[in-house]
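Numbering (full-length UniProt numbering), first residue to last: 1 to 427. Here a beta-carbon is modelled for each residue, glycine too, at the ideal position from N, C-alpha and C. All values derive from a computational prediction rather than experimental measurement.
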């Protein structure tokens, strides 16, 4: 044996380490005594050598080792922590483990499904995404999606296991998305009310789908369009609704977050949408025209009619008038020279001398195939006004587009007086 090295009996430190790891006795459970260590060997001078870390040091080291095992230990990887103390000072939840190839826990599966499918949660049960968000049926199922609303120009492929609705709208400022907003909101609400989730998607997931989700927040959460849009952009920073859809969301807010076909705002919007594609149309949609007052039975107690001053033929109702705010009438912008007979307000501003209406059924023959022309009485053919799909300027200075203009001097307003059924013509 080389000089300077000490030999220790076999088993001396093995027994000490085993006893230290076992920890102190718990309760009244007896613990067998430690085996006696054999006597250390004699030194060359005749004295016994004391092993490093003798019995006293082992007894002192044992509680310190036990104390290190009492507190919670942070596990490595997915291992479960060993907690020996009864009241840990902090709570730590181990990550869920994927055992036996089963489904992931719900908290993990929703997040994983959103990442895998490209879906962004906006509200509980409401997601927005692009075309790729339906590429994985497993991701849809894991996120609880039971309804998919697609806003795109092309028909999407069928998605198994979910209810699907397709709204055919292009991502263009002149496209009509407003008319579909109530239908979309009802579809989303039905899915969420049943305990499922709805996914709204378009091709890129930044404009059309975001506009629909914004309208849904406006309708259900009572938000203005700017607040709702900001909420969606907070969840999806790359959202960018095109300017045309932004204007439609403003109009949706002005109508009380409901598409009201009788609202003058909606009627004017519908005419503006029609003007964008009018040259391409072979025929005008029937719903654009107001019903001819002479073709239906009138209720004299509720109707205010406007008749031709010359032949007394009923032309349109008060509900067909599309009001507008008075303009400042800049002379440089005047489309026609104003006449001296224009009436003035008390402050010198010119009043509106014409009614601007929605198209009425008797106007249809004059409108087809031309962009502007005269409006004649269908009975006596006297001139009533004019129309222009490009627009006309009112006497107050406001430019109205498109314009179906009836001069007030050519018609009489007929309303029912409170006494009996006597009708008086008001000029």
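Backbone secondary structure at residue i - three-state DSSP
{"i": "residue 411", "result": "strand"}
{"i": "residue 197", "result": "strand"}
{"i": "residue 154", "result": "coil"}
{"i": "residue 214", "result": "helix"}
{"i": "residue 371", "result": "coil"}
{"i": "residue 220", "result": "helix"}
{"i": "residue 187", "result": "helix"}
{"i": "residue 310", "result": "coil"}
{"i": "residue 383", "result": "strand"}
{"i": "residue 317", "result": "strand"}
{"i": "residue 358", "result": "coil"}
{"i": "residue 119", "result": "strand"}
{"i": "residue 398", "result": "coil"}
{"i": "residue 322", "result": "coil"}
{"i": "residue 277", "result": "coil"}
{"i": "residue 203", "result": "coil"}
{"i": "residue 147", "result": "strand"}
{"i": "residue 170", "result": "coil"}
{"i": "residue 135", "result": "coil"}
{"i": "residue 404", "result": "strand"}
{"i": "residue 262", "result": "coil"}
{"i": "residue 290", "result": "strand"}
{"i": "residue 177", "result": "coil"}
{"i": "residue 239", "result": "coil"}
C-beta atoms of residue i and residue j nearer than 8 Å
{"i": "residue 403", "j": "residue 356", "result": "yes"}
{"i": "residue 201", "j": "residue 304", "result": "no"}
{"i": "residue 206", "j": "residue 238", "result": "yes"}
{"i": "residue 128", "j": "residue 178", "result": "no"}
{"i": "residue 358", "j": "residue 322", "result": "yes"}
{"i": "residue 407", "j": "residue 353", "result": "yes"}
{"i": "residue 184", "j": "residue 217", "result": "no"}
{"i": "residue 256", "j": "residue 204", "result": "no"}
{"i": "residue 318", "j": "residue 307", "result": "no"}
{"i": "residue 441", "j": "residue 360", "result": "No answer is possible for residue 441: the residues shown for the chain start at 1 and end at 427."}
{"i": "residue 396", "j": "residue 327", "result": "yes"}
{"i": "residue 368", "j": "residue 271", "result": "no"}
{"i": "residue 140", "j": "residue 165", "result": "no"}
{"i": "residue 181", "j": "residue 252", "result": "yes"}
{"i": "residue 382", "j": "residue 310", "result": "yes"}
Per-residue burial, residue i [other beta carbons within 10 Å of its own, 16 or more giving buried]
{"i": "residue 93", "result": "In this predicted model, residue 93 has a pLDDT of only 36, less than 50, meaning its place in the structure is not dependable; the value taken from the coordinates is given anyway. It counts as exposed."}
{"i": "residue 210", "result": "buried"}
{"i": "residue 142", "result": "buried"}
{"i": "residue 411", "result": "buried"}
{"i": "residue 370", "result": "exposed"}
{"i": "residue 409", "result": "exposed"}
{"i": "residue 250", "result": "exposed"}
{"i": "residue 293", "result": "buried"}
{"i": "residue 138", "result": "exposed"}
{"i": "residue 374", "result": "exposed"}
{"i": "residue 351", "result": "exposed"}
{"i": "residue 312", "result": "exposed"}
{"i": "residue 392", "result": "buried"}
{"i": "residue 222", "result": "exposed"}
{"i": "residue 118", "result": "buried"}
{"i": "residue 157", "result": "exposed"}
{"i": "residue 254", "result": "exposed"}
{"i": "residue 243", "result": "exposed"}
{"i": "residue 186", "result": "exposed"}
{"i": "residue 320", "result": "buried"}
{"i": "residue 378", "result": "buried"}
{"i": "residue 234", "result": "exposed"}
{"i": "residue 286", "result": "exposed"}
{"i": "residue 208", "result": "buried"}
Whole-Å CB distance - residue i paired with residue j, under 8 Å assumed
{"i": "residue 220", "j": "residue 232", "result": "Not a contact, Cβ separation roughly 13 Å."}
{"i": "residue 389", "j": "residue 372", "result": "7 Å"}
{"i": "residue 167", "j": "residue 134", "result": "15 Å between Cβ atoms; not a contact."}
{"i": "residue 236", "j": "residue 120", "result": "5 Å"}
{"i": "residue 288", "j": "residue 265", "result": "With a Cβ gap of about 15 Å, residue 288 and residue 265 do not count as contacting."}
Test: residue i CB closer than 8 Å to a CB of chain D
{"i": "residue 151", "result": "Of the protein chains in this structure there is only one, and it is not chain D."}
Requested in this report: Tell me, please, whether the segment 147–155 touches the segment 164–172 by the rule of three or more beta-carbon pairs shorter than 8 Å.
Outcome: yes
Query - Touching by the beta-carbon criterion (3+ pairs, under 8 Å), the segment 193–203 and the segment 220–227 - result: no
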